[in-house]
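Numbering follows the UniProt record's numbering, in which position 19 of the sequence shown is assigned residue number 19; successive positions increment by one, without gaps. One structure is given below, encoded as structure tokens.
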Amino acid sequence: MQTIDALKAHRSIRKYKNQKVEEQLLNSILEAGCRASTTGNMQVYSIIATTAEKIKAELAPAHFNQPGVLQAPVILTFCADFNRFNKWCKQRKAEPGYDNFLSFMTAAIDALLVAQNVCIAAEAKGLGICYYGTTTYNAQKIIDVLKLPKGVVPITTVTLGYADEQPELTDRLPLEAVIHHDTYKDYSPEDIDRIYQEKENNPKYQNFVKENNKETLAQVFTDVRYKKSDNEHFSNELMKVLKNQGFL
Numbered sequence: 001m002q003t004i005d006a007l008k009a010h011r012s013i014r015k016y017k018n019q020k021v022e023e024q025l026l027n028s029i030l031e032a033g034c035r036a037s038t039t040g041n042m043q044v045y046s047i048i049a050t051t052a053e054k055i056k057a058e059l060a061p062a063h064f065n066q067p068g069v070l071q072a073p074v075i076l077t078f079c080a081d082f083n084r085f086n087k088w089c090k091q092r093k094a095e096p097g098y099d100n101f102l103s104f105m106t107a108a109i110d111a112l113l114v115a116q117n118v119c120i121a122a123e124a125k126g127l128g129i130c131y132y133g134t135t136t137y138n139a140q141k142i143i144d145v146l147k148l149p150k151g152v153v154p155i156t157t158v159t160l161g162y163a164d165e166q167p168e169l170t171d172r173l174p175l176e177a178v179i180h181h182d183t184y185k186d187y188s189p190e191d192i193d194r195i196y197q198e199k200e201n202n203p204k205y206q207n208f209v210k211e212n213n214k215e216t217l218a219q220v221f222t223d224v225r226y227k228k229s230d231n232e233h234f235s236n237e238l239m240k241v242l243k244n245q246g247f248l
């Protein structure tokens, strides 16, 4: 499959066959993933590949017990990691200055770049993947389970395996919603109406509105799925993690 075709065919897979991913195939995918761009060629990330059922079971609560975490043969946790780089610096008579938020952002970007590369490589090899945004919600629980030292923070989790479903493609906003030419062009009320019209008219989302007793789809996001109180709570928890892990 051509790369651009694979990208356009992306689906989030939440049901997996009871079939192991061969070690050679997994290593090939991870090797391709690690060719991702990285700041200063430092590679300030680590990938925890979890296949043990016991560890997957311990990770599941951190991901709100979503079935795919237990069902997928491989769980990949992508981490911002300055621990390794700091140790290298100290062993080579160099004093690292990476205990700050900028360094966390550098490492988080590295981790996300390699995660996306891994996902593209996996899908090109016929495997299914799914991102889990719950990683930053419950970062401390994941740190405890995976025994992550200071300087290491989990950024995202990806389940990987052979798909046992073929869901429809998820809708996306039109290009005009996200592409700005030369400079940022702010959105008029008419732009917003046009950009979100197809999404709001989608029967699936109209059902979401009814099921949640809301007036608009936007209210489903603000009042149910991603509430201000939850955002503030998990923000505070993440800031504690960054402090405990040596980035603040």
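Just so it is clear, CB atoms sit at the ideal spot from N, CA and C, and this is done for glycine as well.
Backbone CA spacing between residue i and residue j [nearest angstrom]
i, j, result
"E53", "A111", "24 Å"
"Q43", "T216", "43 Å"
"I120", "R172", "18 Å"
"E58", "Q66", "12 Å"
"P203", "I195", "17 Å"
"V145", "D191", "46 Å"
"Q219", "Q197", "15 Å"
"D223", "K214", "9 Å"
"N212", "K227", "14 Å"
"V158", "Q2", "22 Å"
"I48", "I143", "11 Å"
"D164", "K15", "5 Å"
"K243", "P154", "14 Å"
"I109", "R11", "23 Å"
"K90", "F234", "33 Å"
"K56", "L30", "19 Å"
"N27", "S37", "19 Å"
"L169", "R92", "50 Å"
"K185", "K8", "26 Å"
Chain-order list of residues whose beta-carbon lies under 8 Å from that of residue i (same chain, five-residue window excluded)
i, result
"R35", "N117"
"E200", "Q206, T216 and L217"
"F101", "L242, F247 and L248"
Residue i and residue j closer than 8 Å at C-beta
i, j, result
"G151", "Q71", "no"
"T156", "Y131", "yes"
"Q140", "E237", "yes"
"V69", "T51", "no"
"T134", "F64", "yes"
"F104", "F208", "no"
"A6", "E123", "yes"
Contacts around residue i, its chain only, beta-carbon distance under 7 Å, and the 5 residues preceding and following it disregarded
i, result
"D81", "V44, Y45, S46, A107, G151 and V152"
"N83", "P149, K150, G151 and V152"
"L25", "K125"
"I13", "G128, I129, C130, A163 and E165"
"D99", "G246 and F247"
Expected contact under 8 Å - CB spacing of residue i and residue j to nearest Å
i, j, result
"G128", "G161", "6 Å"
"A78", "V114", "The residue you asked about is not Ala; residue 78 is Phe in the sequence shown. Correct: roughly 6 Å between the Cβ atoms."
Residue i Cβ short of 7 Å to the ligand FAD heavy atom set
i, result
"E190", "For the structure depicted, the ligand FAD is absent and the ligand set is empty, with no information on it obtainable."
Own chain partners of residue i with C-beta closer than 6 Å, once the 5 adjacent residues on each side are dropped
i, result
"P61", "none"
>> Measuring CB atoms only, is the region 174–184 touching the region 11–23, in the sense that at least three cross pairs come out at less than 8 Å?
In response: Result no; under three Cβ-Cβ pairs closer than 8 Å.
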